[in-house]
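Engineer: A single structure is presented below for examination.
Residue numbers (the numbering used here): 3 to 708.
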């Protein structure tokens, strides 16, 4: 049947289907399903223990390597104030050491050692272990980490046997320490060879310098030290004179440049050599005095006065005279500059000659002193290199590496977690958990009723009929049992009609039977048509009213969909008259069928069932002995509750292996909320039971049925 999620009943039913048991419910479920719990626990526990019996734990051997300060040769050559043996080992050096332990060279050496000792890392023979596979196995089994902030490395190796783990770890650690010491010794040997080569070269250079010093001392002779001081004083005096003349030459050159660039008298007078000349100063003073007097008279007489004209002529004469004198003095600067330059050249040449004599004298003295210093430095270098060679030889003889094994590889006494005992405990817990889950799943998914279901004890509703499935394997027996059960139900309905209250209805009123179910698939429509067929066989007039407008199920779909077949929706809507509809409602089985040809939307279908169905039933019960209503599922739509409330006899259909206890309980709760209690239960799909009397042949049964 089609379910409408927006319907309030559908929403309520979906919300109530959640499985949420309490602790008390859980204990009750476990006790109720104790057989499933015990069986699941035993099966899971045996399966897990059988796997644990073949479990081979891993053994872990651990060792620790300590790193000390690595004092290099270059540091030993430093002064004692900078050479500290307590140098802190950095984190980068420790990470480098960890990488070297897991490096290709270390693991290859360790693998060779293990093969030489006959230790195999796997169960296969040693000869079949490939180099790459063995190194990969070693690297995967190694775990290396720094211990806190200390210069200590913890190395562990995991293997299937404790002795193998210890021997493999010892081989890896010793291979690393041997390679580390070999690299350090190689560095010392290389430095010793370099120091010896430098010592031989320095000794050869010292012998050559000592020979040169002896030759120079034999050929130099005696030198007077006072003569060197006198020559130096003379050179200093000439340097002083040359410096003064140089300053004078520079001043004269600047004055000449200013003269050449001068365009008027004021620019000539701005030159120091011209302005400071006595004659220029005298004429300039007269010119300034006359100029001041001219200004004073100009304020009194004006420029046209004869006196002013005389003063103007006097000013012009003084200006011309000052220009001539300044030009003459500036022209004499070339002669003065040439004399100063010549004098500077002579003094400089004389100083250079004295310096050459001084250099020739000092060459022999400085050469001898330089040779003495070179010989002393060469001797000191030879002595220092000799000490370094001796120190390297002593260190080579008493070498000690900067890494050591702080804790020898341990022999594992027990395997790593998980051990077999831990796995056994875990297996018990997993078996208990699986048993609880199996009980809950069994309780949740297996709530369908079976053939032994007793509705009287479980639901307080009597069982009216037990209709078996029609088996294809044994068609004769199953058809006979099915017909017998349907006949019993029909007879029971006739008895209920005869025993009914005569005052509650007229003699012409027929019986209204409504068959409902919790959900679709319980065989409700099958029971309706089987009951109608048997009641017709008893001589009663019967009509089947399919009130499930959402998903109608006519007995003959091809015939019902024809144009001449009446539609229940047309009758309830008033489009088709009831008499006309009943005239075409014969289905060929002896009873009439009235239902919808097409599904009707939810709200419209509910409105029709609630509004027009009661009046239609009143009209039908006056014409037929039995009006059988095929109702919609109760938990799907509310139409089923409405239709069941209009019936005289309410049958609740169940199906073995399909109907769930929770669905049955929920559907009956909804009916009780509407003050509706089914008169009986019809159990569909039960196991066939032997029919009364002799079994008939299939042909005879089919003939009687037709």
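We put the CB at the ideal spot given by N, CA and C, even for glycine.
Small disclaimer: the values here were computed from a predicted structure and weren't measured.
In the structure shown, what three-state DSSP assignment does residue 686 receive?
Structural biologist: DSSP places residue 686 in strand when its eight states are reduced to three.
Engineer: Quick check on residue 675: buried or exposed, where buried means 16 or more other Cβ atoms within 10 Å of its Cβ?
Structural biologist: By the neighbour-count rule (16 or more Cβ atoms within 10 Å), residue 675 is not buried but exposed.
Engineer: Three Cβ pairs or more, each shorter than 8 Å: is that satisfied between the region 129-148 and the region 32-48?
Structural biologist: With a cut-off of 8 Å, the region 32-48 and the region 129-148 do not count as touching, because too few Cβ pairs lie within range.
Engineer: By the three-class DSSP mapping on this structure, what secondary structure does residue 22 have?
Structural biologist: Here residue 22 sits in coil by DSSP.
Engineer: Could you tell me if residue 419 is buried or exposed, where buried requires 16 or more neighbouring beta carbons within 10 angstroms of its beta carbon?
Structural biologist: Result: exposed.
Engineer: Would you mind sorting residue 133 into buried or exposed? The rule is 16 or more other CB atoms within 10 Å of its CB.
Structural biologist: Answer is exposed; the Cβ neighbour count stays below 16.
Engineer: Might you give, ordered along the chain, the residues of its own chain that have their beta carbon closer than 8 Å to the beta carbon of residue 106, omitting 5 neighbours on each side?
Structural biologist: Counting only Cβ-Cβ distances below 8 Å, and skipping sequence neighbours, we find 137.
Engineer: Please determine, among 430, 236 and 411, the residue with the shortest C-alpha to C-alpha distance to residue 352.
Structural biologist: Looking at the Cα atoms, 236 is the closest of the given residues.
Engineer: Okay, do the region 668-685 and the region 438-450 touch, 3+ Cβ pairs below 8 Å being the bar?
Structural biologist: Contact between the region 668-685 and the region 438-450 is absent, because fewer than three Cβ pairs lie under 8 Å.
Engineer: I'd like the span of the alpha helix (DSSP H) that includes residue 641, first residue to last.
Structural biologist: Note, residue 641: alpha helix (DSSP H), 641-647.
Engineer: 8 Å is my cut-off, CB to CB: does residue 156 come that close to chain B?
Structural biologist: Annotation note: the requested chain B is absent from the structure, which comprises a single protein chain.
Engineer: With a CB to CB cut of under 7 Å and the five nearest residues on each side skipped, what residues in its chain are close to residue 662?
Structural biologist: Closer than 7 Å at Cβ, skipping near neighbours: 449 and 450.
Engineer: Measure the alpha-carbon distance for residue 544 versus residue 627 and round it to whole angstroms.
Structural biologist: Their Cα atoms are separated by approximately 6 Å.
Engineer: Tell me residue 518's beta-bridge partners as DSSP assigns them.
Structural biologist: Paired residue(s): 654.
Engineer: Look up residue 554 in the DSSP assignment and say whether it is helix, strand or coil.
Structural biologist: If DSSP states are grouped into helix, strand and coil, residue 554 belongs with coil.
Engineer: Check for me: the beta strand (DSSP E) holding residue 147 runs from which residue to which?
Structural biologist: That run of the beta strand (DSSP E) goes 144-148.
Engineer: Tell whether a beta-carbon distance below 8 Å holds between residue 69 and residue 91.
Structural biologist: In contact: residue 69 and residue 91 (Cβ atoms closer than 8 Å).
Engineer: Would you identify the three-state DSSP class for residue 661, choosing helix, strand or coil?
Structural biologist: If DSSP states are grouped into helix, strand and coil, residue 661 belongs with coil.
Engineer: Could you pull out every residue in the same chain whose Cβ sits closer than 8 Å to the Cβ of residue 187, ignoring the five residues on either side in sequence?
Structural biologist: Around residue 187: 398 and 401.
Engineer: Going by beta-carbon coordinates alone, are residue 170 and residue 161 separated by less than 8 Å?
Structural biologist: Cβ distance < 8 Å, so residue 170 and residue 161 count as in contact.
Engineer: When burial is assigned at 16 or more other CB atoms within 10 Å of the CB, is residue 600 buried or exposed?
Structural biologist: Answer is exposed; the Cβ neighbour count stays below 16.
Engineer: Can you tell me where the alpha helix (DSSP H) holding residue 286 begins and where it ends?
Structural biologist: 280-302 is the span of the alpha helix (DSSP H), which, as asked, contains residue 286.
Engineer: Mapping DSSP to helix, strand and coil, what is residue 66?
Structural biologist: Strand.
Engineer: Using only the alpha-carbon positions, how far apart do residue 251 and residue 302 sit?
Structural biologist: Taking the straight line joining both Cα atoms gives about 51 Å.
Engineer: Per DSSP, residue 159 forms a beta bridge with which residues?
Structural biologist: Answer by DSSP bridge pairing, in chain order: 63 and 144.
Engineer: Mapping the DSSP letters down to three states, classify residue 593 as helix, strand or coil.
Structural biologist: Of the three classes helix, strand and coil, the one that applies to residue 593 here is coil, per DSSP.
Engineer: Identify every residue that forms a DSSP beta bridge with residue 548.
Structural biologist: According to DSSP, residue 548 bridges with 632.
Engineer: When you compare each of 328, 97, 195 and 370 to residue 214 by their alpha carbons, which one comes out closest?
Structural biologist: Of the listed residues, the one whose Cα sits closest to residue 214 is 370.
Engineer: Which word fits residue 457, buried or exposed, when buried means at least 16 other C-beta atoms lie within 10 angstroms of its C-beta?
Structural biologist: Flag for residue 457 reads buried.
Engineer: So if DSSP puts residue 154 in a beta bridge, which residue, or which two residues, is it bridged to?
Structural biologist: Note: residue 154 sits in a beta bridge opposite 68.
Engineer: Going straight from the alpha carbon of residue 238 to that of residue 357, what length do you get?
Structural biologist: Straight-line Cα distance between these residues: approximately 10 Å.
Engineer: Label residue 313 either buried or exposed according to how many other C-beta atoms from any shown protein chain fall within 10 Å of its C-beta, with 16 as the threshold for buried.
Structural biologist: So residue 313 ends up on the buried side.
Engineer: Between residue 562 and the rest of its own chain, which residues show a CB-CB distance below 6 Å, the 5 nearest in sequence each way excluded?
Structural biologist: Below a pLDDT of 50, predicted positions are generally treated as unreliable, and residue 562, at 49, falls in that range; no measurement from the model is reported.
Engineer: Report the rounded CA-to-CA distance for residue 100 versus residue 53, giving the unit in angstroms.
Structural biologist: Rounded to the nearest angstrom, the two C-alpha atoms are 37 Å apart.
Engineer: The alpha helix (DSSP H) with residue 607 in it runs from where to where?
Structural biologist: Run containing residue 607: 604-613, per the alpha helix (DSSP H) assignment.
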